[in-house]
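Reading through the structure tokens given below for one structure.
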């Protein structure tokens with residue numbers, strides 16, 4: 303009897319994790335963003351702590367001249383610690399590379415997290431693995447998870463506030479070129495109210511980062 307009960311719980315977990323695409327493909331951006339609400343909220347909390355840690359580092363000593371590369375590195379480092387410390391149970395998995403690259407996985411989706419640059423997410427550079435990621439290439443993905451996708455969750459500071467956006471890349475990006483996206487879903491997150499999506503009344507502003515000012519640091523992830 304106890305074994306049957308455990309099997310039922312396991313099946314319930316599988317059902318809970320399964321992603322069902324929307325009937326109208328045009329609804330995919332918001333539909334998928336809502337499905338990924340938990341890891342997106344965790345990412346917001348992580349970088350909210352990260353940007354506070356980076357600000358504190360430069361404010362602590364007068365001789366520390368502001369450096370955008372170092373600020374972003376501290377913010378990302380603190381964000382990684384925050385994501386590692388997210389309480390269990392959770393329905394997503396955190397994958398980290400040796401250079402603090404952040405990837406979140408849930409139900410066949412792979413979400414790379416990175417700082418915004420210029421007017422969109424970072425270029426994948428010349429690395430073959432990153433290029434394959436944005437081109438949605440992958441044998442297992444193509445054969446067995448046709449409704450899944452590689453996604454990019456970017457973050458930026460806009461008017462002093464942390465701002466996120468989820469996007470679905472497509473095609474080949476030329477080095478330092480404009481990103482090729484199937485769609486982009488801006489996301490606002492409030493710790494009390496949860497996810498919020500910009501409406502027609504919201505003003506969507508250009509990104510505040512200059513791509514050339516950051517070089518290839520983030521693109522090397």
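Residue numbers (the working numbering): 303 to 523.
Backbone N, C-alpha and C define an ideal beta-carbon position, used for all residues, glycine too.
For the structure I just gave you, are there three or more beta carbon pairs, one from the stretch 401-414 and one from the stretch 317-336, closer than 8 Å?
Contact holds: three or more Cβ-Cβ distances are below 8 Å.
N- and C-terminal bounds of the alpha helix (DSSP H) containing residue 471
If you look at residue 471, you'll find it isn't in any alpha helix (DSSP H); it sits in the beta strand (DSSP E) that goes 463-471.
Per-residue DSSP class, three states only, for residue 434:
It is helical.
So, for residue 451: in the same chain, excluding its five sequence neighbours on each side, which residues have a beta-carbon less than 7 Å away from its beta-carbon?
Closer than 7 Å at Cβ, skipping near neighbours: 411, 438 and 470.
Report the partner residues of residue 566 according to the DSSP bridge assignment.
This structure leaves residue 566 out entirely; the chain is present only between 303 and 523.
Residue(s) in a DSSP beta bridge with residue 485:
BP columns for residue 485 point to 470.
Alpha carbon to alpha carbon, how far is residue 428 from residue 379?
Going from the Cα of residue 428 to the Cα of residue 379 covers about 24 Å.
Cut-off 8 Å between Cβ atoms - residues of its own chain near residue 335, not counting five sequence neighbours on either side:
Shown here for residue 335: same chain residues with a beta carbon closer than 8 Å to its own, the five before and five after excluded, namely 342, 468, 487, 489, 497 and 499 in chain order.
Limits of the beta strand (DSSP E) - the one that residue 395 falls within:
For residue 395, the enclosing beta strand (DSSP E) has its first and last residue at 395-398.
Quick one: what does DSSP say residue 405 is sitting in, helix, strand or coil?
Residue 405: strand per DSSP, three-state reduction.
Between the C-alpha atoms of residue 375 and residue 432, what's the straight-line distance to the nearest angstrom?
Whole-angstrom Cα-Cα distance: 20 Å.
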